[in-house]
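What follows is a short report on a single structure.
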Amino acid sequence: MKINTITGRNYQIGEEEKLTTLAKKYGVKLNKRNVDTYSDAGLEGWWGENGCHKPLHEMNPIRGGFVMDVLKKFEISPDQPIIEIGCGGGIFSEYIARLGYNILGVDISMESINVAKEHAFITHVKVDYQVGSVYELPFENESFDIVMSSDFLEHIEDLVTAISEMSRILKKGGLFIFDTIARNESSTTTFMKLEAEGVIPAGTHEPLLFIKPEELESVANQFGIDFAKDINNIYGFVLKSIQFIDGKFKLVEIQEKETLPHYIGYGIKK
Ligand SMILES: C[S@@+](CC[C@H](N)C(=O)[O-])C[C@H]1O[C@@H](n2cnc3c(N)ncnc32)[C@H](O)[C@@H]1O
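If you read the sequence shown in my numbering, its first letter stands for residue 0, the second for the next number, and so on.
So, in structure tokens, the structure goes:
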């Protein structure tokens with residue numbers, strides 16, 4: 000096995016070639032630095048009724064429901080500081096803010112942060128936004144009770160630095176809540192097809208950046224975050240999967256590891 004300590008992903012021999020060949024079959028442009036595809040979306044792309052990021056809106060009740068369950072379970076009060084890293088145009092941050100929580104959204108793209116601010120201004124929702132990179136977060140150690148990353152880590156090349164920074168700004172006993180895409184042939188086919196069919200914008204995903212749950216858990220452990228345990232779960236942490244079934248997103252129980260598409264879970268900082 001080839002251990003890649005820079006990115007936190009441990010590609011098996013031949014895996015990179017296999018996934019790249021599979022992805023190219025769908026004729027979708029592969030792009031490891033896919034931040035531009037988000038910056039260019041504008042207000043219409045992020046928030047328009049038929050904007051290119053509509054699927055993220057459709058996922059909100061599912062991922063938001065999961066986050067609410069976790070916040071309630073840990074009796075997080077509305078004034079405790081929450082941060083979403085990689086918030087883009089604010090689709091998820093604003094959703095959590097509407098539920099009454101104190102949230103700050105951070106994104107590397109000034110264009111997307113401007114869209115997020117503009118939308119919150121129009122809708123009068125109280126939510127803060129700031130430009131910043133996950134690789135160098137402009138916050139003191141242990142500043143937040145909750146660090147969230149939703150549909151973000153699968154766009155990050157250096158997973159180790161990203162998690163190290165997110166853990167650094169998380170208080171002891173605080174929660175890291177995430178969802179991301181699992182790396183396997185099945186998820187590669189699923190996401191490349193969705194891009195080829197125009198359900199999600201072409202060029203937004205690079206399957207080599209997808210993350211196996213055990214890789215994410217291993218990097219999180221390295222930086223003092225323990226994933227929540229669930230005795231019935233093969234991964235050893237609470238994990239469900241967001242899947243696109245019959246034109247709708249649904250939260251379903253975990254599947255076979257090899258066919259897991261998108262997963263959601265949380266961990267606690269020691
Ligand atoms: C799929 S979007 C997710 C948006 C939002 N989390 C949601 O689900 O609605 C991924 C976001 O990650 C941001 N991003 C990429 N690299 C980043 C970095 N190094 N630091 C912070 N944000 C980054 C992109 O600009 C983009 O807005």
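Every residue, glycine too, gets a C-beta built ideally from N, C-alpha and C.
These figures come from a predicted structure and were not determined experimentally.
- With fewer than 16 neighbouring CB atoms inside 10 Å of its own CB, residue 140 falls in the exposed class.
- Residue 50 and residue 131 have their alpha carbons spaced roughly 25 Å apart.
- Where residue 59 is concerned, the enclosing alpha helix (DSSP H) starts and stops at 53–72.
- Shortest gap from the CB of residue 265 to any heavy atom of ligand 1: 7 Å or more.
- Under DSSP, the beta-bridge partners assigned to residue 268 are 224.
- Remark: the C-beta of residue 82 is outside contact range of ligand 1, defined as less than 7 Å to any heavy atom.
- Secondary structure note for residue 44: its alpha helix (DSSP H) is the uninterrupted segment 41–46.
- Residue 155 has its Cβ nearer than 7 Å to a heavy atom of ligand 1.
- Around the CB of residue 58, 16 or more other CB atoms lie within 10 Å, so the residue is classed as buried.
- A distance criterion of 7 Å places the beta-carbon of residue 68 beyond contact range of ligand 1, judged by its closest non-hydrogen atom.
- The beta carbons of residue 225 and residue 171 sit about 12 Å from each other, so the pair does not count as a contact at 8 Å.
- Here DSSP, grouped into helix, strand and coil, assigns residue 37 to helix.
- Within the region 121–194, the complete beta strand (DSSP E) segments of 3 residues or longer fall at 127–130, 143–149, 169–180, listed in chain order.
- In terms of Cβ geometry, residue 88 and residue 126 do not form a close pair [threshold 8 Å].
- Shown here, residue 24 sits in coil according to DSSP, grouped into three states, outside any helix or strand.
- Using a Cβ distance threshold of 8 Å, residue 144 and residue 79 count as a contacting pair.
- Exclusion of the five residues before and after residue 179 leaves 152, 153, 210 as the residues of its chain whose Cβ lies within less than 6 Å of its Cβ.
- In the DSSP annotation of this structure, residue 248 is not part of any alpha helix (DSSP H); the continuous beta strand (DSSP E) holding it starts and ends at 247–251.
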